[in-house]
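Each residue of the sequence shown is one higher than the last, beginning at 185 in the numbering used here. The C-beta atom is built at its ideal place from N, Cα and C for all residues, glycine as well. Since this is a predicted model, take the numbers as computed values, not measurements. One structure is given below, encoded as structure tokens.
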Amino acid sequence: MTQCNCNKVKVVKEITAEDFAKIDEVIERYRGKPGSLIPVLRQAQEICGYLPDQVQRRIAQGLGLPPSQVYGVVTFYSFFTMVPRGRHTVRVCLGTACYVKGTRKNLGKIQQELGVEVGDTTEDLKYTLETVRCLGACGLAPAIVIDSDTHGLVGSGKVMDILKAYD
Ligand code: FES
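Structure follows, in structure tokens:
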């Protein structure tokens, strides 16, 4: 963990020698095969949780591609990330129906308890907090989604119990 110059805590997950060894194995499996870049990046992200510069360079070198090509693909597809993310993504709906039913209280409770702002990841890399405009579950307002699970009729008294069920 380091401090950036905006005074916010920046979560840094170190890439270990073991991570690099696993990435090298993936590269070896795909080397010389057409269309290998995206599957290699996907698997590298599964291994490391994100795709920092040094991982991108390792992949570029291993597959014999220009680093700019790897960077271009990583930044083009939204499912690739260059910053560490939590094991669980928490999305709080801020759509009208949820807003009326008190979703702001849920969001405030989560921010306070986890000590993060929207878009941030907790220091233990457990949760990444995001907001969405509507989850398509307005009848269940206020709603939150954790990973792919939708939770409806969430009161601020139980929102943290729901989060803590995810380990
Ligand atoms: S406004 Fe929240 S689910 Fe639609």
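According to DSSP, E314 shares a beta bridge with R275. Taking every protein chain shown into account, the CB of L337 has fewer than 16 other CB atoms within 10 angstroms, so this residue is exposed.
Per DSSP, the continuous alpha helix (DSSP H) segment holding T287 begins and ends at T287 to L298.
When secondary structure is reduced to three states using DSSP, I330 falls in the strand class. Between the ligand FES and G286, a heavy atom-to-CB distance of less than 7 Å is absent. Exclusion of T315 from the 7 Å shell around the ligand FES follows from its C-beta lying no nearer than that to any non-hydrogen atom of the ligand.
The residues A325 and P326, in chain order, have a CB closer than 8 Å to that of K285 in the same chain once the five nearest residues on each side in sequence are set aside. DSSP, read as helix, strand or coil, puts T280 in helix. Note on geometry: alpha-carbon atoms of G233 and P268 lie some 6 Å from one another. When the Cα atoms are used, S332 and V274 turn out to be separated by approximately 9 Å. Not one heavy atom of the ligand FES sits closer than 7 Å to the Cβ of G339.
Distance check between D208 and each of I222, Q245, K217 and D237 places Q245 closest, using alpha-carbon atoms only.
Nearest C-alpha to H272 among F204, F263, T306 and K289: T306.
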